[in-house]
Amino acid sequence: MSAWIRPLVVAGGIVAIFLPTCLWADGSGPPAAVSSTAGQYSDKDGNPTFNISKDGTVDWYTSIGYTRYTANCMQCHGPDGLGSSFGPALTDALQTLSYSDFVDTVTNGKKNVSASQDLVMPSFGVNPNVMCYLDAIFIYLRARSDDALGRGKPQKSEPRPPGYSATEDACMG
4 MSAWIRPLVV AGGIVAIFLP TCLWADGSGP PAAVSSTAGQ YSDKDGNPTF NISKDGTVDW
64 YTSIGYTRYT ANCMQCHGPD GLGSSFGPAL TDALQTLSYS DFVDTVTNGK KNVSASQDLV
124 MPSFGVNPNV MCYLDAIFIY LRARSDDALG RGKPQKSEPR PPGYSATEDA CMG
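Take 4 as the starting number for the sequence shown in the numbering used here and just add one per residue.
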């Protein structure tokens, strides 16, 4: 093999290995909705995901996720998940963070203290204002992370799914 072909073959192999992970932004894989149960969409792996119509109408969970994110997370992670001096940009974090890692971090908290940083996320595992809406918050942030949803409150959303209020009431106690 000539000297210039070998690097091309190696580069092509590297691209073939890593390209699939670059095709979607978040660590949960491709965000395309393949199923829906009670108005909540899931991707091919069963992870919660968003569904945004061509006219910009978002699913109910993306919409309520925006509301709950703003009420419970924005204080540290900034508007629209873009970060602040207190917390990292979640739109960036979700590019490598899987759904299960997101749930674990929110539920149990996280501490990353070193000589160069002091990052502490408290546990929200017993806070119903977060835990009852955890999937919705993830869905909203996933849409933001994948650049499927712009900044600010979604202007149009699907209606509240039937039975949602009863589920919400049961969770909130």
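C-beta: ideal position from N, C-alpha, C; glycine also.
- Cα atoms of ARG147 and ARG154: separation of roughly 8 Å, rounded to the nearest angstrom.
- The C-beta of LEU93 has 16 or more other C-beta atoms within 10 Å across all chains shown, which makes the residue buried.
- The three-state reading of DSSP puts THR99 in coil, since its state is none of H, G, I, E or B.
- The secondary-structure analysis by DSSP pairs TYR167 with nothing; it has no beta-bridge partner.
- Rounded to the nearest whole angstrom, the C-alpha separation of VAL116 and ASP58 is 44 Å.
- PRO33 sits away from PHE141, with the two beta carbons spaced by 8 Å or more.
- Bounds of the beta strand (DSSP E) holding ASP121 are 121-124.
- Just so you know, the alpha carbons of PHE127 and ASP46 end up roughly 25 Å apart.
- For the set GLY90, THR65, SER87, VAL123, the Cα lying nearest the Cα of LYS156 is the one of THR65.
- Two segments are said to touch when three or more pairs of C-beta atoms, one from each, lie closer than 8 Å; by this definition the stretch 86-104 does not touch the stretch 156-175.
- Listed in chain order, the non-local C-beta contacts of TYR143 below 7 Å within the same chain comprise THR65, GLY68, TYR69, TYR72, local neighbours out to five positions each way being set aside.
- Per the coordinates, the alpha-carbon of VAL129 lies some 29 Å from the alpha-carbon of ALA36.
- Contact check for SER160 against THR40 fails: the beta carbons are separated by 8 Å or more.
- When C-alpha distances from ASP62 are compared across CYS174, ASP172, ARG145, the shortest belongs to ARG145.
- A direct Cα-Cα distance of roughly 24 Å separates CYS76 from SER119.
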